[in-house]
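To start, the structure itself, in structure tokens.
Number of protein chains: 2
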Amino acid sequence: MEELKSFIRHVQDFPKKGIGFKDITTLLKEEPQFCRVIDLICEHFNNKKIDSVLGIEARGFIFAGAVAYKLKKGMIPVRKPGKLPAETIKEEYMLEYGTDAVEMHLDAVKSGSKVLIVDDLLATGGTVKATCNLIEKAGGIVQGIAFLIELDFLKGRDKLKDYDIFTLLHFESE
Amino acid sequence: MEELKSFIRHVQDFPKKGIGFKDITTLLKEEPQFCRVIDLICEHFNNKKIDSVLGIEARGFIFAGAVAYKLKKGMIPVRKPGKLPAETIKEEYMLEYGTDAVEMHLDAVKSGSKVLIVDDLLATGGTVKATCNLIEKAGGIVQGIAFLIELDFLKGRDKLKDYDIFTLLHFESE
């Protein structure tokens, strides 16, 4: 994993001063590393029954599309409010200041359906927890959550105690 | 292709009154159809040398991620302004009223690199043409462009005459 980690670029002061941003584009653009990430996620969940792979806008779509293809499953997009055209369900979550929300089509998850969430990065966990709530509201089951990166120091995992989480790259500090 | 087409949901008056929206989520969530789309795109470009697969935010990421994985290539994201953390190049394009822009990391495309663009939908072609310009500014070659859907009546293809375009599903009218 240390080799994969070396492909993540650290960008200081993005999106604002004091924040150290983990840039995944330097990993994405390298074929062996990008494909290895997808393979490792798929291998980890290989023994679990999965009906659909869910991706969270926008970077999550890159990984969820590839994992869905590799596992031969359908792909479900969760998006920012107002982007999905048909009937949606919505879930709000807290930000440092104010709230944000994610939406999913009401018909995206069948009752009893087993869903694997794939996202690029676990930070404070608000978006992912809201996504778990959406799946469960629709009657689905969160079968697992895969992240390329986890920022351990933000303790997002604490919000996701009920779930099987698989993270490839851990960062213990900024 | 008519079978694949039947999985696209028509949503009237989205995002605004008078617009007929092509909803791809009803295709994405069905495994055989989603995977077939990826396979057909990859088969079409199988005989062309491709170095990287480029996806345009946000829905384009779903397809570009899966195509990159299947072709065993790296993946390059093109994003809305302000989303990419390192040094970018930017290209503006005209909207009905005003302009919009797309950005790409300066180090995303190497000189002489052959890039396949994958996107969900060709409408007026502004975003895709701007993306072609970005690739060429960086010294790359647009080796092909793949779309799931083309809205023929919007004539986006007229802006892309220099390129090898492959579309799976054509809609001749709203």
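If you read the sequences in order, they're chains W and H.
Residues in the first sequence are numbered consecutively from 1047, following the numbering used here.
Residues in the second sequence are numbered consecutively from 1047, following the numbering used here.
All C-beta atoms in this analysis are idealised placements derived from N, C-alpha and C, irrespective of residue type, glycine included.
The structure presented is a predicted model; accordingly, all values stated were derived computationally and were not measured.
Close beta carbons around residue i, own chain, < 6 Å, minus the five adjacent residues each side
i	result
F1080 (chain H)	L1074
Y1115 (chain W)	none
R1055 (chain H)	D1069 and T1072
I1211 (chain W)	I1191
Q1058 (chain W)	G1066
C1178 (chain H)	V1188
Beta-ladder partner(s) of residue i, from DSSP
i	result
V1188 (chain W)	W:V1161
D1198 (chain W)	Answer by DSSP bridge pairing: none, since D1198 (chain W) is not bridged.
F1217 (chain H)	H:L1197
V1099 (chain W)	W:M1121 and W:L1162
D1146 (chain H)	H:Y1139
Residue closest to residue i, alpha-carbon to alpha-carbon, out of the options
i	options	result
K1094 (chain W)	W:D1146, W:H1216, W:L1200 and W:G1190	W:G1190
T1213 (chain H)	H:A1192, H:S1219 and H:D1204	H:A1192
Y1143 (chain W)	W:G1172, W:N1179, W:F1199 and W:F1053	W:G1172
L1141 (chain W)	W:G1202, W:K1183 and W:L1194	W:G1202
R1125 (chain H)	H:D1208, H:V1174 and H:G1064	H:V1174
A1110 (chain H)	H:I1163, H:H1151 and H:C1178	H:I1163
R1082 (chain W)	W:T1145, W:E1049 and W:H1151	W:E1049
Supposed close pair residue i, residue j - CB separation, criterion 8 Å
i	j	result
I1102 (chain H)	D1165 (chain H)	5 Å
V1188 (chain H)	V1161 (chain H)	6 Å
G1017 (chain H)	S1157 (chain H)	Residue coverage of chain H in this structure runs from 1047 to 1220, which leaves residue 1017 (chain H) outside it and unanswerable.
F1107 (chain W)	I1108 (chain H)	5 Å
L1086 (chain H)	V1099 (chain H)	Going by Cβ atoms, the distance from L1086 (chain H) to V1099 (chain H) rounds to 15 Å, so no, they are not a contact pair.
D1097 (chain H)	S1159 (chain H)	5 Å
Beta carbon of residue i nearer than 9 Å to that of residue j
i	j	result
A1147 (chain W)	E1138 (chain W)	yes
L1168 (chain W)	E1149 (chain W)	no
K1129 (chain H)	A1104 (chain W)	yes
L1180 (chain H)	K1136 (chain H)	yes
L1206 (chain H)	M1047 (chain H)	no
F1060 (chain W)	E1076 (chain W)	no
Close Cβ partners of residue i (< 7 Å) along its chain, the five nearest in sequence each way excluded
i	result
A1112 (chain H)	I1084
P1123 (chain H)	G1101, E1103 and F1107
T1134 (chain W)	E1149, M1150, H1151 and L1152
P1127 (chain H)	K1136, A1147 and E1149
K1051 (chain W)	L1215
Other residues of its chain near residue i: CB distance less than 8 Å, five sequence neighbours each side excluded
i	result
E1089 (chain H)	none
D1204 (chain W)	G1171
F1199 (chain W)	F1217, E1218, S1219 and E1220
E1182 (chain H)	V1188
T1145 (chain H)	E1138 and Y1139
Within-9 Å CB hit, residue i to chain B
i	result
D1153 (chain H)	In the displayed structure, chain B is absent; the protein chains listed are W and H.
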